[in-house]
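Trainee: Taken in order, these protein sequences are the chains called L and A.
Quick note, in our numbering, the first sequence goes up one by one and the last residue is 1511.
Quick note, in our numbering, the second sequence goes up one by one and the last residue is 160.
Don't be surprised by glycine CBs; every beta carbon is placed ideally from N, CA and C.
I'd like to ask you about the structure that follows.
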Amino acid sequence: EAQVTQNPRYLITVTGKKLTVTCSQNMNHEYMSWYRQDPGLGLRQIYYSMNVEVTDKGDVPEGYKVSRKEKRNFPLILESPSPNQTSLYFCASSFGTGYEQYFGPGTRLTVT
Amino acid sequence: DQQVKQNSPSLSVQEGRISILNCDYTNSMFDYFLWYKKYPAEGPTFLISISSIKDKNEDGRFTVFLNKSAKHLSLHIVPSQPGDSAVYFCAARGGGSQGNLIFGKGTKLSVKP
Chain L
1400 EAQVTQNPRY LITVTGKKLT VTCSQNMNHE YMSWYRQDPG LGLRQIYYSM
1450 NVEVTDKGDV PEGYKVSRKE KRNFPLILES PSPNQTSLYF CASSFGTGYE
1500 QYFGPGTRLT VT
Chain A
48 DQQVKQNSPS LSVQEGRISI LNCDYTNSMF DYFLWYKKYP AEGPTFLISI
98 SSIKDKNEDG RFTVFLNKSA KHLSLHIVPS QPGDSAVYFC AARGGGSQGN
148 LIFGKGTKLS VKP
């Protein structure tokens, strides 16, 4: 089954404690992206990757890091989480930029 | 500045009637538009798209209309069903070289039996 998986689905952590949210897709997609969804703000892009070892900032990259060492995986790293990073995060993938993206189920992160 | 705007945060319609969700954009360089549907506790799922060279695309109960001169697109759902109740996001392919998708804030549709 074609899918995008994210782990964990729910996470509560404390300020400053480094965390990683994993994302994996099994569709051999070149393009992957991370979004955050906040009430009243919709989906905002954090980082994206057009292929292995090629990453770039989206609209709200501050406080986040990503890496793309393998085509299928695109982890999101919060080196020192802060409460303003409490949000719902989605990973997505597609064959190319600007086309139909397949989204993961989301990760709800709470930073206290 | 918001490039893709969904000015109605919510919409309520009766089952069997038409639902019309609207989306406005500001960048005339956008060349591809998509609608996504999102249920609670799930990721958004692709619904329907339209290229800027067309003014209409239809898929079953769902039709998207594009008015380039007005920089406006709309999603029509006919007939609406309770299972259509979800948040709908409009998205446009960005005008930059990377062509990333730019999403609106979403409209929550409630279809009442």
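1) Does the distance from the CB of LEU156(A) to the CB of SER132(A) come in under 7 Å?
2) Between the stretch 1436 to 1445 of chain L and the stretch 1472 to 1492 of chain L, can you find at least three pairs of beta-carbon atoms closer than 8 Å?
3) Enumerate, from N- to C-terminal direction, the unbroken beta strand (DSSP E) stretches of 3 or more residues contained entirely within the stretch 71 to 123 of chain A.
4) Less than 7 Å between the beta carbons of CYS1490(L) and GLN1405(L), yes or no?
5) Whole angstroms is fine: what's the gap from ALA117(A)'s alpha carbon to LEU1410(L)'s?
6) Nearest CA to the CA of LYS84(A): which residue from PHE109(A), LYS159(A), GLY141(A)?
7) Drop a sphere of 10 angstroms on the beta-carbon of GLY90(A), count the other beta-carbons inside from all chains shown, and report buried for 16 or more, exposed for fewer.
8) For LEU107(A), which residues of its own chain have a beta-carbon under 7 Å away from its beta-carbon, when the five flanking residues on both sides are left out?
9) Checking 7 Å against the spacing of the C-beta atoms, do THR154(A) and GLN53(A) come in under that value?
10) Using a Cβ cut-off of 9 Å, which residues of the stretch 79 to 96 of chain A contact any Cβ in chain L, in chain order?
11) At least one CB of chain A closer than 7 Å to the CB of LEU1475(L): is that the case?
12) Going by C-alpha distance, which of ILE1445(L), PRO1482(L), GLY1503(L) is nearest THR1511(L)?
13) Along the beta strand (DSSP E) that carries LEU58(A), what are the first and last residues, could you check?
14) Determine, using beta carbons only, whether GLN1500(L) and ARG1471(L) come nearer to each other than 7 Å.
15) Just curious, the beta strand (DSSP E) that ASP1455(L) is in, first and last residue?
16) Where LEU1477(L) and PRO126(A) are concerned, what is the direct C-alpha to C-alpha distance, given to the nearest angstrom?
17) Out of curiosity, what's the CA-to-CA distance linking ALA88(A) and LEU148(A)?
18) Report the CB separation of SER1466(L) from PRO1460(L) in whole angstroms; it is logged as a contact under 8 Å.
19) According to DSSP, is GLY1517(L) part of a helix, a strand, or is it coil?
20) Since TYR1447(L) meets chain A, which of its residues come closer than 7 Å, beta carbon to beta carbon?
21) Would GLY130(A) be called buried (16 or more neighbouring beta carbons within 10 Å of its own) or exposed?
22) So for ASN1483(L), helix, strand or coil by DSSP?
23) Give a yes or no on whether the C-beta atoms belonging to ILE124(A) and SER59(A) are separated by under 7 Å.
24) How many whole angstroms separate the CB atoms of ASN69(A) and HIS119(A), which I take to be in contact at a CB cut-off of 8 Å?
Mentor: With the given structure in hand:
1) SER132(A) sits close to LEU156(A), with the two beta carbons spaced by under 7 Å.
2) The stretch 1472 to 1492 of chain L vs the stretch 1436 to 1445 of chain L: in contact.
3) Under the rule that a run must span 3 or more residues, the beta strand (DSSP E) segments found entirely inside the stretch 71 to 123 of chain A read 79 to 85, 92 to 98, 103 to 106, 109 to 114.
4) Cβ atoms of CYS1490(L) and GLN1405(L): closer than 7 Å.
5) Distance between the alpha carbons of ALA117(A) and LEU1410(L) is about 43 Å.
6) Nearest to LYS84(A) by alpha-carbon distance, out of PHE109(A), LYS159(A), GLY141(A), is PHE109(A).
7) Buried, because 16 or more other Cβ atoms sit within 10 Å of the Cβ of GLY90(A).
8) The sequence shown places Gly at residue 107(A), rather than the Leu named in the question. The answer is none, since no qualifying residue turns up.
9) In this structure, GLN53(A) lies closer than 7 Å to THR154(A) by Cβ.
10) So the close ones are TYR79, LEU81, TYR83, LYS85, ALA88, GLU89, GLY90, PRO91, THR92, PHE93, SER96.
11) Not closer than 7 Å to any Cβ of chain A, the Cβ of LEU1475(L) fails to qualify, so no.
12) Of the listed residues, the one whose Cα sits closest to THR1511(L) is PRO1482(L).
13) Its beta strand (DSSP E) spans residues 57 to 61.
14) Taking 7 Å as the Cβ cut-off, GLN1500(L) and ARG1471(L) do not qualify as a contacting pair.
15) Taken as a continuous stretch (DSSP letters only), the beta strand (DSSP E) holding ASP1455(L) covers 1453 to 1456.
16) LEU1477(L) and PRO126(A): Cα-Cα distance of roughly 44 Å.
17) So the two alpha carbons sit approximately 22 Å from each other.
18) Going by Cβ atoms, the distance from SER1466(L) to PRO1460(L) rounds to 14 Å, so no, they are not a contact pair.
19) No information on residue 1517(L) is available, as it lies outside the stretch 1400 to 1511 that chain L covers here.
20) Near TYR1447(L) (Cβ distances below 7 Å), the residues of chain A are ASN147.
21) Per the 10 Å Cβ criterion, exposed.
22) DSSP, read as helix, strand or coil, puts ASN1483(L) in helix.
23) Against a cut-off of 7 Å, the Cβ pair of SER59(A) and ILE124(A) comes out as no contact.
24) The beta-carbon separation of ASN69(A) and HIS119(A), rounded to 7 Å, stays under the 8 Å limit for a contact.
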